[in-house]
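Participant: Quick one: structure below, then a few questions.
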Amino acid sequence: MFQTPFSIFNPDDDLQPSSLSEILGAFSYALDLTEGQPAGHSIRACWIGTHVSMALGLKGEVLRDVYYAVLLKDLGCSSNAARVSKMFVGDDRKLKHDFKLLGPEPEDFGAFVGSAVGVDADPDTRGRAIDNLSANAGEIMTEIMAIRCSRGADIARRLRLSEDVAQAIAHLDEHWDGGGLPLGIAGTDIHLGGRIALLAQVADVFYTARGKDAAIAEIRERSGSWLDPDLCTLFEQVSGSPGFWEDLARDDLPERLWALEPGVQYVTVDEDYLDDICFAFGYVIDAKSPDTAGHSARVGMIADRIAEILGMPAESRRVLRRAAILHDIGKLGVSSAILEKPGKLNADEWKIMRSHASLTTNILGQISVMGEMAMVAGSHHERLDGKGYPLGLDERSISMESRIITVADIYDALTAERAYRPSMSSEKAMSILQGEVGDAVDPQCFAALQQVLENGLPE
Ligand SMILES: [Fe+2]
Ligand SMILES: [Fe+2]
């Protein structure tokens, strides 16, 4: 029987029912972090896009698809973060934030390259990056947008959203005049949801950075070039209605947005669906780094097996597996320039790297159905000897569930292939883990992992 004073899950606790919009909306804060946008960007964009859609007369499933396409337009954004950071030599989150505030003209891009690329790099590296971008801008930007769009559409499908939502997300960076990427399609060939999502994105990005007048001016400026002119006219009407901008700034905007979810009665988020949502966000997390493909799902699977050996009840294991899959969600808030740095991190970079653990707690803490998982997942770098992070908890206060995730995480990190080293054998990884038993690694969890490996892990 699974007995520990540290177990925090109570299988008798019933999850509070939550709507799909509330769950995915809470996850959307993680997407804002990845894009370097102020918290709530996805939610505000969804509010704007939904009101434009309603003014257009959309209803039912069509309205619902636009709602989710705008809320989750950035689902693919983690997948190009490492590429952006490498090509533009810098912090992808800052680069992406600043990039969205560029004017629409080619010379605006040129000025951006001149001022933003490699600002902290040595002159040679900076010069090479600028030369490369100047010579190959079209190719590089097409590739960066293509990764984001196809990955975003793929994850939307994993979230059981419709093909229309997937298509709308895939078309997010297409422009009305055909000058967008990656397809260069124009006019109504661009999915309506994609056209609304881009308008809503531009409006909120300029609203939060420069205020409502700047947002209105930017939509007017881009009408007919980036943006569908009919939608821009509707935006003028909607944003001119009393209280529109005040609503956008209200603290209860998220709850008001959940209440606006179209067709809410048709979807029940049951336990299976919640598992799928966690797996889908596991893909978002792993996409942030070229080296971490499959890490989140594998840690979830290994943690589940360890918990089974330890006799944890099935319902608790299910919750634990979700926490294990999402343990690194805070990495979405860490620059790829740090995550992918080939050399040693300096003290400041290391501090930012370590912040991913508390960010995990913060992000999951905002998702009501995952509340109990937040601390469990965010404690995966704590150590029994108290030398871990983020809180420096010790054996008196680290839950058994966190200990299980820690062992699974270290084992998978050691045995996974990395660009800078081949994968380590299971035997070698276990001997390293054994050396940490009692300090970083719980002895029961280590013994359980040994048994899991003896039984064999699936390929
Ligand atoms: Fe981690
Ligand atoms: Fe990890």
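Here my numbering = 1-based position in the sequence shown + 3. Where is the CB? At the ideal position from N, CA and C, for every residue including glycine. From a predicted model like this one, the values you see are computed outputs, not experimental measurements.
(1) If you draw a straight line from the C-alpha of V208 to the C-alpha of M427, how long is it?
(2) In whole angstroms, what separates the C-alpha of F5 from that of D278?
(3) So, does the region 355-367 touch the region 406-421, judging by three or more C-beta pairs under 8 Å?
(4) Return the chain-ordered ranges of every alpha helix (DSSP H) run that is complete within the region 361-397 and spans a minimum of 4 residues.
(5) If you count every other CB in all the chains shown that lies within 10 Å of the CB of S434, and 16 or more means buried, which is it?
(6) Mapping DSSP to helix, strand and coil, what is V455?
(7) Per DSSP, what kind of secondary structure is R324 in: helix, strand or coil?
(8) Using a Cβ-Cβ cutoff of less than 8 Å, which residues in the same chain neighbour G197 once the five nearest sequence positions on both sides are dropped?
(9) For the 8 Å Cβ check, are there 3 or more pairs between the region 58-66 and the region 87-104?
(10) For a quick check, are the C-beta atoms of R1 and A310 less than 8 Å apart?
(11) Relative to the C-alpha of K103, which candidate in F449, A350, D77 has its C-alpha closest?
(12) Under the assumption that D442 contacts R386 (Cβ atoms under 8 Å), give the Cβ distance between them as a whole number of angstroms.
(13) For ligand 1, I want to know if A360 counts as a neighbour, meaning its beta carbon is within less than 7 Å of at least one of the ligand's heavy atoms.
(14) Ignoring anything shorter than 4 residues or poking outside the region 39-97, list the alpha helix (DSSP H) runs there in chain order.
(15) Buried or exposed: which applies to K334, given that a residue is buried once 16 or more other Cβ atoms fall within 10 Å of its Cβ?
(16) From P316 to I305, what distance separates their C-alpha atoms?
(17) By how many angstroms is the C-alpha of R421 removed from the C-alpha of P8?
(18) Which first and last residues belong to the alpha helix (DSSP H) in which E274 is found?
(19) Run the Cβ filter for me: residues under 5 Å from any heavy atom of ligand 2, listed in the order they occur in the chain.
(20) Give the straight-line distance between the Cα atoms of A327 and I408, rounded to the nearest whole angstrom.
(21) Specify the secondary structure class of V444 as computed by DSSP and reduced to three states.
(22) Excluding five sequence neighbours on each side, which residues of the same chain lie with their C-beta closer than 6 Å to the C-beta of R47?
(23) Could you tell me the alpha carbon to alpha carbon distance between P293 and P425, rounded to whole angstroms?
(24) Would you tell me roughly how many angstroms separate the C-alpha atoms of P14 and S402, rounded to the nearest one?
(25) Can you tell me where the alpha helix (DSSP H) with S339 in it begins and where it stops?
(26) Does the count of Cβ pairs from the region 48-60 and the region 240-254 closer than 8 Å reach three?
(27) Apart from the five residues just before and just after D167, which ones in its own chain have a Cβ nearer than 6 Å to its Cβ?
(28) Does the contact criterion of 3 or more C-beta pairs under 8 Å hold for the region 374-388 versus the region 137-147?
(29) How many Å lie between G113 and K99 at the Cα?
(30) Entirely within the region 106-181 and at least 4 residues each: give me those alpha helix (DSSP H) ranges in chain order.
(31) Classify K390 as buried or exposed, calling it buried when 16 or more other Cβ atoms lie within 10 Å of its own Cβ.
(32) Applying the criterion that 16 or more other CB atoms from any shown protein chain within 10 Å of the CB defines a buried residue, is R154 buried or exposed?
(33) With C-beta atoms as the reference, is I26 less than 8 Å away from V372?
(34) Let me know the secondary structure DSSP gives R421 once reduced to three states.
(35) DSSP on P8, reduced to helix/strand/coil?
(36) Going by DSSP in three states, L348 sits in which element: helix, strand or coil?
Facilitator: Per the coordinate set shown:
(1) Here residue 208 refers to the residue found at position 205 of the sequence shown. Here residue 427 refers to the residue found at position 424 of the sequence shown. Cα-Cα distance, rounded: 44 Å.
(2) For the purposes of this step, residue 5 is taken as residue 2 along the sequence shown, with counting starting at 1. For the purposes of this step, residue 278 is taken as residue 275 along the sequence shown, with counting starting at 1. Interpretation of F5 is limited by its pLDDT of 47, a score under 50 that renders its predicted location unreliable; the figure taken from the coordinates is listed afterwards. Rounded to the nearest angstrom, the two C-alpha atoms are 23 Å apart.
(3) These segments do not touch.
(4) The DSSP assignment places 374-381 as complete runs of the alpha helix (DSSP H) inside the region 361-397, in order along the chain (cut-off: 4 residues).
(5) By one-based count along the sequence shown, residue 434 stands at place 431. Exposed, since its Cβ has fewer than 16 Cβ neighbours within 10 Å.
(6) Here residue 455 is taken as the residue at index 452 of the sequence shown, counted from 1. Note: V455 maps to helix in three-state DSSP.
(7) Position 321 of the sequence shown holds residue 324. Residue state, collapsed to three classes: helix.
(8) Here residue 197 corresponds to residue number 194 of the sequence shown, with the count starting at 1. A72, Q170, A171, I172, A173, H174, L175, E177.
(9) no
(10) Absent from the structure is residue 1, since the part of the chain shown begins at 4 and ends at 462.
(11) Walking along the sequence shown from the start, residue 103 turns up at place 100. Comparing Cα-Cα distances from K103 to each of F449, A350, D77, the minimum goes to D77.
(12) Taking the first residue of the sequence shown as 1, we reach residue 442 at position 439. Taking the first residue of the sequence shown as 1, we reach residue 386 at position 383. Confirmed, about 6 Å.
(13) Indexing the sequence shown from 1 puts residue 360 at position 357. Flag set: Cβ of A360 near ligand 1.
(14) The region 39-97 contains these whole alpha helix (DSSP H) runs: 44-59, 63-74, 84-91.
(15) On the sequence shown, residue 334 is found 331 positions in, with the first residue counted as 1. The residue is buried, with at least 16 neighbouring Cβ atoms inside 10 Å.
(16) For the purposes of this step, residue 316 is identified with residue 313 of the sequence shown, where counting begins at 1. For the purposes of this step, residue 305 is identified with residue 302 of the sequence shown, where counting begins at 1. Roughly 16 Å separates the two Cα atoms.
(17) Counting from one through the sequence shown, the residue named residue 8 turns up at place 5. Counting from one through the sequence shown, the residue named residue 421 turns up at place 418. Because P8 carries a pLDDT of 40, less than 50, the predicted location of this residue cannot be relied on, and the following value inherits that uncertainty. Rounded to whole angstroms, P8 to R421 spans 37 Å at the Cα level.
(18) Residue numbering aside, residue 274 sits at position 271 when the sequence shown is read from its first letter. Unbroken alpha helix (DSSP H) run through E274: 274-290.
(19) D331, D412
(20) For the purposes of this step, residue 327 is taken as residue 324 along the sequence shown, with counting starting at 1. For the purposes of this step, residue 408 is taken as residue 405 along the sequence shown, with counting starting at 1. When rounded, the distance between both Cα atoms is 6 Å.
(21) For the purposes of this step, residue 444 is taken as the residue at position 441 of the sequence shown. Of the three classes helix, strand and coil, the one that applies to V444 here is strand, per DSSP.
(22) On the sequence shown, residue 47 is found 44 positions in, with the first residue counted as 1. These residues qualify, in order along the chain: D207, L251.
(23) Looking up residue 293 in the sequence shown gives position 290. Looking up residue 425 in the sequence shown gives position 422. Taking the straight line joining both Cα atoms gives about 14 Å.
(24) Locating residue 14 in the sequence shown gives position 11, where the first residue counts as 1. Locating residue 402 in the sequence shown gives position 399, where the first residue counts as 1. Residue placement at P14 is poorly supported in this model, since its pLDDT is 48, which falls under 50; the coordinates are not used for a value here.
(25) One-based indexing of the sequence shown puts residue 339 at position 336. First-last of the alpha helix (DSSP H) with S339: 339-342.
(26) yes
(27) Taking the first residue of the sequence shown as 1, we reach residue 167 at position 164. Only D68 meet the Cβ criterion.
(28) no
(29) Position 110 of the sequence shown, counting from 1, holds the residue named residue 113. Position 96 of the sequence shown, counting from 1, holds the residue named residue 99. One C-alpha to the other measures close to 15 Å.
(30) The alpha helix (DSSP H) runs lying completely inside the region 106-181 and spanning 4 residues or more are 109-119, 126-161, 166-173, given in chain order.
(31) Your numbering for residue 390 matches position 387 in the sequence shown. With fewer than 16 Cβ atoms within 10 Å of its Cβ, K390 is classed as exposed.
(32) One-based indexing of the sequence shown puts residue 154 at position 151. It is buried - the Cβ of R154 has at least 16 other Cβ atoms within 10 Å.
(33) Here residue 26 is taken as the residue at index 23 of the sequence shown, counted from 1. Here residue 372 is taken as the residue at index 369 of the sequence shown, counted from 1. Yes. Within cutoff.
(34) In the sequence shown, residue 421 corresponds to position 418, counting from 1. R421 falls in the strand class under three-state DSSP.
(35) Counting from one through the sequence shown, the residue named residue 8 turns up at place 5. Confidence is the limiting factor: at P8 the pLDDT is only 40, short of 50, which leaves the residue's position unreliable, though a coordinate-based value still follows. Reduced to three states, the DSSP call for P8 is coil.
(36) Here residue 348 refers to the residue found at position 345 of the sequence shown. Three-state result, L348: coil.
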